[in-house]
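Colleague: Each protein sequence line maps, in turn, to chains A and B. To convert, note that position 299 of the first sequence is 347 in the numbering used here; the numbers rise steadily by one, no gaps. To convert, note that position 329 of the second sequence is 377 in the numbering used here; the numbers rise steadily by one, no gaps. Here it is, the structure in full.
Number of protein chains: 2
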Amino acid sequence: MVKSLAVERAGSSAIRDLLEITEQPEIVSLAGGLPNPATLPTDAIARAAAAALEDDPLGALQYGPTEGYRPLRRWVAGRHGLAADPHGEEHVLVTSGSQQALELLTRALVDPGGLVALADPAYVGALQALRAAGVDLAAIPADGDGLCVDALADRLATGERPALVYVVANFDNPSGSTLSAERRVALAALADRYGFWIVDDDPYGDLRWHGEAPVPLRELTDRTITLGSASKVLAPGLRVGWAVAPVEVRRAMTTLKQSADLHTSALTQQIVHRTLAEPGFLEGHLVTLRTTYQAQAEHLVGALRTKLGDRMTVPEPDGGMFVWAELLDTTADSAQLLDPAVAAGVAFVPGAAFGVERLHPTRMRLSYATADAASLDLAVDRLAGVIPAP
Amino acid sequence: MVKSLAVERAGSSAIRDLLEITEQPEIVSLAGGLPNPATLPTDAIARAAAAALEDDPLGALQYGPTEGYRPLRRWVAGRHGLAADPHGEEHVLVTSGSQQALELLTRALVDPGGLVALADPAYVGALQALRAAGVDLAAIPADGDGLCVDALADRLATGERPALVYVVANFDNPSGSTLSAERRVALAALADRYGFWIVDDDPYGDLRWHGEAPVPLRELTDRTITLGSASKVLAPGLRVGWAVAPVEVRRAMTTLKQSADLHTSALTQQIVHRTLAEPGFLEGHLVTLRTTYQAQAEHLVGALRTKLGDRMTVPEPDGGMFVWAELLDTTADSAQLLDPAVAAGVAFVPGAAFGVERLHPTRMRLSYATADAASLDLAVDRLAGVIPAP
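Shown next, in the form of structure tokens:
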């Protein structure tokens, strides 16, 4: 009686169990996508909370509109090329993290049994939300330039009709890849031709420390829904994210959000707006984040190449939070390495967790975001003791 | 392409539009269930926010467990008769308002096309969540003692098998009625016999200023899921609620919550825990709330009986936030009175908004929670100018 289809579809809680295990202080976790605690701007958040409750207690504590706090919606619109549009905020829905945005838009745009295309491997949280919604998944291959849009085009040519194509175009989770400019143009053209929606889940785009960002998908086609979040640039515990979408899509999502949770916390929306919109704050904070993550990424990649270079290949990230390492032993199974790794005091996420159709047994996602350099060294030493030498 | 079945089912946004209209300052709104702004404990919340960010910034700002902040879960368990259970918090899921709890448990326990029984009239937010989930609704009559459990028993005897029976057993929204002790016993016995779950949505139980509360349903059968909220006893803008449920149900809801929004804001959970668990705070604040709402209820009922006693009957509430007034003109349609009422500067919610199968045209829900005495007088004067004399 207890488990409905929705619960069954949402699947196991293996990742949640893993993240709980890695909360043990003796384990160095490369598993989660948690910001480095030292980067959390606690003082700015405390000032914003105090100011919101002092200046606008009713706005922070009373029921608010389902669409979100209007100044935050305006700020988000401005960051997404809508600054000149007097009704730009009509494109914006504030959500309880971008996870909720994905869940709402899936339910708003895809009926159960409908089709969603996405890269294989794909973000675990997206897989959970999509599977819980009862949609079918079309797994598209991906490489260092992101989703293989040619392969998607072939599937479309055979008559497959996804309602959505989901991408993390900037610093993909788990693969770290960025969708190339050429593929963005091609993907946008396919969206216009076949009438599907592109969901560009973009929590990491601001965390680029090297190279130029390709043109955003939203500038290439109106059939783009961009998801953003305060989790990686401010603090995940606030649970504030957003969707920027065509107004008709935003309205459909709003209807579902009203029955899902009425609205996102008015207080945390005010905190996010007061910090992110404070002149100079975000630019300065992004410099801190990029510098921190670049240093940690270079440290992790360097240590992995030094101590495990004979056993894995490790790409050099230009941004984001993840390295998608590949074991050179083609018979390896990273899922079977996890228990010994945790026993040795280090955690990662095995490739299988991100599998849509394939298991990615030679892959492991390693996050350099959370741990400092000394902890990263310790983690690599422990990994080296667990991954068999060639 | 934009509107899925889920959006269609979730229905129109008439109530949201109404609540937006009533934000205009020249309108006295008896429409929403918003706490009187004067009762919001802004200082206590500001102190709690500052303390959380000072004492436990990581706990307030980093990702947290999907189940919720453990000290808050323990506190909720203690308020629900589980203080002596060393694992009492395992029964508790913290949610983004009790609205989310209802949505999650519906998806966890009822597949699309399954049956949910509830009183007609019923809470609008419940109707939206249930309809969005695609479940069928069995409308059960209700009277001044709440859901007519005999009528439910008759339906069960004919072979109908609801997966859930939804009640607001204390100070129902919209009817204001409290489910009698006898009916609680009978409902619990039916749950045990037929194996359905009782959802006892209880945001108003603490707002009782007269009489004794009947025994809680959770003490009568283990097949009870109790929903609670900080919205009415603290502040709705925090969006913190909870479900207290058998562990297997709590686990199924947790799986769906993970894909819905990962977890509820860690900061607002800490604020709610630090205020509600502070010795003496809640007891004192509930005295303030009960005194305020009792005075406002008596003021509204008195004014309605004085100025509209020839046109409506008005029950005297013992708690909660709502009066479910009945127009004496049996041909009246409260939905048609709304536009002239808003034009005259007063808003209410017409009975039709709460209809499951019936339209309740002679009914109107009037909230005395938000407005002070002078505004309530103004509202009644304006209503008297709109409701036709006999």
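C-beta: ideal position from N, C-alpha, C; glycine also.
Exposed or buried, what is A:D249 when buried is set at 16 or more other beta-carbons lying within 10 Å of its beta-carbon?
Modeller: That one is buried.
Colleague: By DSSP, does A:Y214 sit in helix, in strand, or in coil?
Modeller: Three-state DSSP puts A:Y214 in a strand.
Colleague: Excluding the five sequence neighbours on either side, which residues of its own chain have a C-beta within less than 8 Å of the C-beta of B:R266, listed in chain order?
Modeller: If we look at B:R266 and ignore the five residues flanking it on each side, its Cβ neighbours are H128, G129, D248, T272, T274 and V292.
Colleague: Keeping to the same chain, check which residues put their C-beta closer than 6 Å to that of A:T410; ignore five residues upstream and five downstream.
Modeller: The residues are E374, L375 and A380.
Colleague: Does the CB of B:A97 have a neighbour CB from chain A at under 9 Å?
Modeller: For B:A97, the answer is yes, since a Cβ of chain A falls inside 9 Å of its Cβ.
Colleague: At a Cβ threshold of 9 Å, is B:L386 touching chain A?
Modeller: No, because no Cβ of chain A sits closer than 9 Å to the Cβ of B:L386.
Colleague: Using a Cβ-Cβ cut-off of less than 9 Å, give me the residues of the region 108 to 123 of chain B that come near chain A, in sequence order.
Modeller: The region 108 to 123 of chain B vs chain A, Cβ under 9 Å: A108, L109, Q110, Y111, G112, P113 and T114.
Colleague: Report the residue from B:T154, B:A187, B:A177 and B:L315 whose alpha carbon sits nearest the alpha carbon of B:L212.
Modeller: Comparing Cα-Cα distances from B:L212 to each of B:T154, B:A187, B:A177 and B:L315, the minimum goes to B:T154.
Colleague: Comparing alpha-carbon positions, which option in B:A229, B:P222, B:A108 and B:L356 lies nearest B:P264?
Modeller: Among B:A229, B:P222, B:A108 and B:L356, the Cα nearest to that of B:P264 belongs to B:A229.
Colleague: Which residue's Cα is closest to the Cα of A:R299: A:G243, A:T114, A:A236 and A:T90?
Modeller: It is A:T114.
Colleague: With 9 Å set as the bound, which would you pick, yes or no: does the beta-carbon of B:A54 sit closer than that to a beta-carbon of chain A?
Modeller: Yes, its Cβ sits closer than 9 Å to a Cβ of chain A.
Colleague: On a Cα-Cα basis, can you pick out the residue from B:Q306, B:V216 and B:D240 that is closest to B:R209?
Modeller: Taking only the C-alpha atoms, the option nearest B:R209 is B:D240.
Colleague: Looking at chain A, is there any beta carbon in it that lies within less than 9 Å of the beta carbon of B:T206?
Modeller: So, not an interface residue.
Colleague: Since A:S277 is in the alpha helix (DSSP H), which residue starts that stretch and which ends it?
Modeller: Per DSSP, A:S277 belongs to no alpha helix (DSSP H); it is in the beta strand (DSSP E), T272 to S277.
Colleague: So which residues of chain A does B:D309 contact, with C-beta pairs closer than 7 Å?
Modeller: Chain A residues near B:D309: S144, G145, Q147, Q148 and R287.
Colleague: For A:L386 versus A:I435, is the C-beta spacing smaller than 9 Å?
Modeller: In this structure, A:I435 does not lie closer than 9 Å to A:L386 by Cβ.
Colleague: Apart from the five residues on each side of it in sequence, which residues of its chain come closer than 8 Å, Cβ to Cβ, to B:G182?
Modeller: Once the five neighbours on either side are set aside, the close Cβ partners of B:G182 are L53, A54, R57, P160 and G161.
Colleague: Helix, strand or coil for B:E374, going by three-state DSSP, please let me know.
Modeller: Of the three classes helix, strand and coil, the one that applies to B:E374 here is strand, per DSSP.
Colleague: Please tell me whether B:I93 has its Cβ less than 9 Å away from any Cβ of chain A.
Modeller: Yes, its Cβ sits closer than 9 Å to a Cβ of chain A.
Colleague: Short of 6 Å in beta carbon distance, which residues of its chain neighbour A:A187, apart from the five on each side in sequence? Order them along the chain.
Modeller: Taken in chain order, the residues that qualify are D168, V404 and E405.
Colleague: Are the beta-carbon atoms of A:L82 and A:S423 separated by less than 9 Å?
Modeller: It is not a contact, given that the beta carbons lie outside the stated cut-off.
Colleague: Are at least three pairs of beta-carbons, each pair with one atom in the region 110 to 124 of chain B and one in the region 69 to 86 of chain A, less than 8 Å apart?
Modeller: As far as the Cβ criterion goes, the region 110 to 124 of chain B touches the region 69 to 86 of chain A, which means the pair count is three or higher.
Colleague: In whole angstroms, what is the alpha-carbon distance linking A:D377 and A:R359?
Modeller: Going from the Cα of A:D377 to the Cα of A:R359 covers about 7 Å.
Colleague: For my contact list, A:V281 and A:T316 are in at a C-beta cut-off of 8 Å; report their separation, rounded to the angstrom.
Modeller: With 8 Å as the limit, A:V281 and A:T316 do not qualify as a contact, their Cβ atoms being about 14 Å apart.
Colleague: Can you tell me whether DSSP reads A:R287 as helix, strand or coil?
Modeller: Residue state, collapsed to three classes: coil.
Colleague: I want to verify the contact list: residues of chain B whose CB lies under 9 Å from the CB of A:D240, in sequence order.
Modeller: Near A:D240 there are no residues of chain B at all, since even the closest Cβ is about 13 Å away, more than 9 Å.
Colleague: Considering just the uninterrupted stretch of the beta strand (DSSP E) at A:I246, what are its terminal residues?
Modeller: Segment W245 to D249, the beta strand (DSSP E) holding A:I246.
Colleague: Spell out the partners DSSP gives B:S144 in its beta bridges.
Modeller: B:S144 pairs with nothing; no bridge assigned.
Colleague: Chain A beta carbons: is any one of them nearer than 9 Å to that of B:L255?
Modeller: Judged by the 9 Å Cβ criterion, B:L255 is not in contact with chain A.
Colleague: From the beta carbon of B:T312, is the nearest beta carbon of chain A less than 9 Å away?
Modeller: Answer yes: the Cβ-Cβ gap between B:T312 and chain A drops below 9 Å somewhere.
Colleague: As an exercise, report each continuous alpha helix (DSSP H) stretch of at least 4 residues that is fully enclosed by the region 129 to 181 of chain B, in chain order.
Modeller: Segments of the alpha helix (DSSP H) lying fully in the region 129 to 181 of chain B: 145 to 157 and 172 to 180.
Colleague: Let me check understanding here. Comparing Cα to Cα, which of B:L204, B:V297, B:N221 and B:T354 lies closest to B:A234?
Modeller: For the residues B:L204, B:V297, B:N221 and B:T354, the minimum Cα distance to B:A234 belongs to B:L204.
Colleague: Does any C-beta atom of chain A lie closer than 9 Å to the C-beta of B:D159?
Modeller: Yes, B:D159 lies at the interface with chain A (some Cβ there is under 9 Å from its Cβ).
Colleague: Helix, strand or coil for A:T339? Go by DSSP, reduced to three states.
Modeller: Three-state DSSP puts A:T339 in a helix.
Colleague: What in chain B is Cβ-close to A:A177, meaning under 8 Å?
Modeller: Within 8 Å Cβ-Cβ: S307 and A308.
Colleague: Mind listing the chain A neighbours of B:P322? Cutoff is C-beta to C-beta under 7 Å, in chain order.
Modeller: Residue identity check: residue 322 of chain B is Arg in the sequence provided, not Pro. Ordered by position in chain A, no residue passes the 7 Å Cβ test against B:R322, which lies about 13 Å from the chain.
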